[in-house]
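Here full-length UniProt numbering is used: position 228 in the sequence shown is 228, and no number is missing along the way. Ideal placement from N, C-alpha and C gives every residue a C-beta, glycine not left out. First the structure, in the form of structure tokens, and then the observations on it.
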Amino acid sequence: MDFPKNMLLKQKAIPGIIGGLGPLAHTTFEQILIEQNTKRGVERDQDHPLWLLINAANIPDRTESLLGKADSCVPWMIKYGKFLESAGVDFIVVPCNTAHAFYKQVQSHLQIPWIHLIESTTKFLIENYHDIKKIGILSTDGTLRAALYHNSLVKAGFIPISLQLGSEFQKLIMNTIYDLSWGIKATGSQISPPAQKNLKTIVDYLARQGAEIVIAGCSELSVGFYETEKLALPWLDPLEIIANVTLDLAFGYRSLQTDNNGYPIAYQYNKPELIPANSLLLL
1 MDFPKNMLLK QKAIPGIIGG LGPLAHTTFE QILIEQNTKR GVERDQDHPL
51 WLLINAANIP DRTESLLGKA DSCVPWMIKY GKFLESAGVD FIVVPCNTAH
101 AFYKQVQSHL QIPWIHLIES TTKFLIENYH DIKKIGILST DGTLRAALYH
151 NSLVKAGFIP ISLQLGSEFQ KLIMNTIYDL SWGIKATGSQ ISPPAQKNLK
201 TIVDYLARQG AEIVIAGCSE LSVGFYETEK LALPWLDPLE IIANVTLDLA
251 FGYRSLQTDN NGYPIAYQYN KPELIPANSL LLL
């Protein structure tokens, strides 16, 4: 967006981020927020939105929680959602795909909306990929078992192509994420050669199954894909998609309509408001 140098976009809403799931996911998400806002034409520190983040790294592993191998994530996520709510944020974003398996249980205890990562990704596909029908999905066992992307994509008329729970390829994905020596959670942004090799191998497999594009359905996979070249398919980053939704809501490009339970049901598109750069931003 081009606007006069002496003007700022007025921030309309404050995002709250439940991070730490894992910590690399939320730092990547924050970096994407800044990068995407910069692509919109901003140049100054003051052009970026205010947001609040809690690094809730002590929340039990989401996949293990779903599989009954760890305590429930729900009370922890409610706790941190309410913490951000009390701090004054207007909506919540969780840069973790698997955490959305607990969405309904958590949202029902909050007074502010949690923006749904999976549904936002499906909406992005509907709006931008009219000629694509077969969508590859790579995710954790937890996301796969909960059929988060599968159900959302099928409802929208897409054909999801995913790995089978317990298959060798799905085990490869889990090792790529979780291996304690070379997995993405262990190595951070320095993606190991074995992890890169596995990502290429699995994307090749999805391409042979007919997928036309692949969703990085785990935040660590998003990190891995950014550092892996020559993939057989184009890929979508849900973190980038939700970052742009976050910016739109923060600056008033969109306003969120919710039902009586606080569930987001629709977006209304608006014209953002400009204010003098030397004025105080009142949110």
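Pairwise C-alpha distance: residue j and residue i
{"i": "residue 9", "j": "residue 48", "result": "9 Å"}
{"i": "residue 151", "j": "residue 121", "result": "13 Å"}
{"i": "residue 191", "j": "residue 161", "result": "25 Å"}
{"i": "residue 88", "j": "residue 107", "result": "17 Å"}
{"i": "residue 99", "j": "residue 222", "result": "16 Å"}
{"i": "residue 245", "j": "residue 194", "result": "33 Å"}
{"i": "residue 102", "j": "residue 73", "result": "8 Å"}
{"i": "residue 112", "j": "residue 174", "result": "33 Å"}
{"i": "residue 84", "j": "residue 124", "result": "27 Å"}
{"i": "residue 159", "j": "residue 134", "result": "5 Å"}
{"i": "residue 213", "j": "residue 148", "result": "17 Å"}
{"i": "residue 286", "j": "residue 172", "result": "Look at the range of the chain in this structure, 1 to 283, and you will see that residue 286 is not part of it."}
{"i": "residue 228", "j": "residue 210", "result": "21 Å"}
Buried versus exposed call for residue i [16 or more other C-beta atoms within 10 Å across all chains shown]
{"i": "residue 131", "result": "exposed"}
{"i": "residue 240", "result": "buried"}
{"i": "residue 15", "result": "buried"}
{"i": "residue 128", "result": "exposed"}
{"i": "residue 197", "result": "exposed"}
{"i": "residue 170", "result": "buried"}
{"i": "residue 156", "result": "exposed"}
{"i": "residue 201", "result": "exposed"}
{"i": "residue 181", "result": "exposed"}
{"i": "residue 167", "result": "exposed"}
{"i": "residue 41", "result": "exposed"}
{"i": "residue 11", "result": "buried"}
{"i": "residue 38", "result": "exposed"}
{"i": "residue 24", "result": "buried"}
{"i": "residue 1", "result": "Note on residue 1: pLDDT 48, under 50, position unreliable in the model; the coordinate value appears next. Exposed is the call here."}
Beta bridge counterpart(s) of residue i as assigned by DSSP
{"i": "residue 55", "result": "19"}
{"i": "residue 169", "result": "According to DSSP, which records beta bridges pairwise, residue 169 is partnered with nothing at all."}
{"i": "residue 144", "result": "Bridge partners of residue 144: none, in fact."}
{"i": "residue 136", "result": "161, 214"}
{"i": "residue 92", "result": "16, 114"}
{"i": "residue 66", "result": "None; residue 66 has no bridge partner."}
{"i": "residue 236", "result": "215"}
Short Cβ contact (9 Å threshold) for residue i with residue j
{"i": "residue 219", "j": "residue 97", "result": "yes"}
{"i": "residue 76", "j": "residue 92", "result": "no"}
{"i": "residue 199", "j": "residue 142", "result": "no"}
{"i": "residue 94", "j": "residue 110", "result": "no"}
{"i": "residue 32", "j": "residue 243", "result": "yes"}
{"i": "residue 54", "j": "residue 20", "result": "yes"}
Proximity test, Cβ basis, 9 Å: residue i and chain D
{"i": "residue 54", "result": "Judged by its chain identifiers, the structure shown contains no chain D, having just a single protein chain."}
May I have a chain-ordered list of the alpha helix (DSSP H) segments no shorter than 4 residues that lie completely inside the segment 148–193? Counting only runs of 4 or more, we get 148–155, 168–178, 184–187.
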